[in-house]
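In the working numbering, the protein residues as written are 1 to 147. Cβ atoms here follow ideal geometry from the backbone N, Cα and C, with glycine treated the same way. Read the structure below first, then the notes.
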Ligand SMILES: [Zn+2]
């Protein structure tokens, strides 16, 4: 089942792409090829290239329009909200976030991706590339609404 945001993304991408006949190598703005009369057309995103389906065009357009969130920054803010600013180990006092990140970078990355996953489950952030980059859902919705 398609989510509402997925449908909006497809509508958005359709407006910025042109149906393209891969046999005749021509643009078919009407949705049917004037030469071979096929309606089984590719999607051409000008400046990129034709592709089947809208997924690639959606990713290309969104990455042009929006800046992905900085997951490091977001996670560090969370840590600074939750824990005291400094942590004492023995006779030394460290900045808590820095100490956590530098003492165990693997654990830091794991906790960070768990946090981003939970933001994704809450639909606060959205990824269009299987989790490599994320955008604020709010930013994406604003972009789609002003189209
Ligand atoms: Zn054709």
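The shortest CA-to-CA distance from residue 134 to any of 145, 117 and 100 is the one to 117.
Nearest Cα to residue 11 within the set 80, 70, 61 and 36: 61. When beta bridges are read from the DSSP output, residue 75 appears opposite no residue.
Screening all residues for a C-beta within a distance smaller than 6 Å of any heavy atom in ligand 1 leaves 21, 23, 24, 33, 35, 36 and 38, in chain order. Residue pairing by DSSP leaves residue 58 without any beta bridge partner.
Counting along the chain, the unbroken alpha helix (DSSP H) around residue 105 starts and ends at 105-121. Under DSSP, residue 49 forms a beta bridge with 45. The Cβ atoms of residue 143 and residue 65 lie closer than 7 Å to each other. For residue 94 and residue 86, the gap between their C-alpha atoms comes out near 5 Å.
If you draw a straight line from the Cα of residue 76 to the Cα of residue 129, it is about 23 Å long.
Here residue 20 is bridged, per DSSP, to 27 and 42.
Between residue 54 and residue 13 a beta carbon distance of about 5 Å is seen, short of the 8 Å cut, so the two are scored as contacting.
Apart from the 5 residues on each side of it in sequence, residue 52 sits with its Cβ closer than 8 Å to the Cβ of 42 and 43 in its chain, given in chain order.
With contacts defined by Cβ atoms closer than 7 Å, residue 97 and residue 80 form a contacting pair.
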